[in-house]
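Below is one structure, written out as structure tokens, with a few remarks after it.
Numbering (our numbering), first residue to last: 3 to 154.
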């Protein structure tokens with residue numbers, strides 16, 4: 003199936019998201035299911051009502067944008083989940099000083115998994131405070147970084 007660039011679709015939808023206090027975290031297309039899924043976030047989290055409200059707000063405009071060149075598709079709006087990987091600058095900003103989990107492509111000082119607090123970040127690296135150690139990791143070595151989920 004032919005589809006317009008997802009970056010163009012995301013940029014188009016941000017015009018509808020911003021006034022609603024919604025951040026579009028990611029847009030994915032699953033060819034097998036012919037489904038476009040919009041992953042959203044808000045400062046207070048995402049619930050079913052938020053997903054429904056945004057879905058209703060974009061239903062007609064997205065059809066006018068015609069992301070699939072008149073081919074049928076399913077539109078989904080979803081929360082990215084608590085353990086989703088950080089993808090945007092805003093993800094890093096929102097989690098600065100919070101506990102995170104970092105999975106590496108290859109071991110660094112014998113470890114492929116690092117847990118600690120996000121101390122700093124820039125476009126090239128991430129700094130994790132793990133106990134007394136401050137670990138600077140080049141971003142292209144990171145397979146996944148996400149918020150640490152703790153269950154008490």
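Note that CB positions come from ideal geometry on N, CA and C, so glycine has one too.
Under DSSP, residue 9 takes part in no beta bridge, so it has no partner. Taken atom to atom, the span from the alpha-carbon of residue 74 to that of residue 3 is near 10 Å. CA-CA distance, residue 111 to residue 119, rounds to 18 Å. Contact annotation, residue 151 with residue 84: C-beta distance approximately 6 Å; criterion of less than 8 Å satisfied.
DSSP places residue 58 in the uninterrupted alpha helix (DSSP H) bounded by 50-67.
In the assembly as shown, residue 43 is a buried residue. Its beta-carbon has 16 or more other beta-carbons within 10 Å. Following the DSSP letters along the chain, one finds residue 94 inside the alpha helix (DSSP H) bounded by residues 91-96. Comparing alpha carbon positions, the residue from 144, 76, 109 closest to residue 34 is 76. The Cβ atoms of residue 130 and residue 102 sit closer than 8 Å to each other.
Spatial neighbours of residue 105 in its own chain (CB-CB distance under 7 Å, excluding positions within 5 residues in sequence) are listed in chain order as 114, 115, 145, 146. If you draw a straight line from the Cα of residue 127 to the Cα of residue 117, it is about 16 Å long.
In terms of Cβ geometry, residue 69 and residue 40 do not form a close pair [threshold 8 Å].
Residue 82 places its beta carbon less than 8 Å from that of residue 28.
Taken atom to atom, the span from the alpha-carbon of residue 133 to that of residue 121 is near 12 Å.
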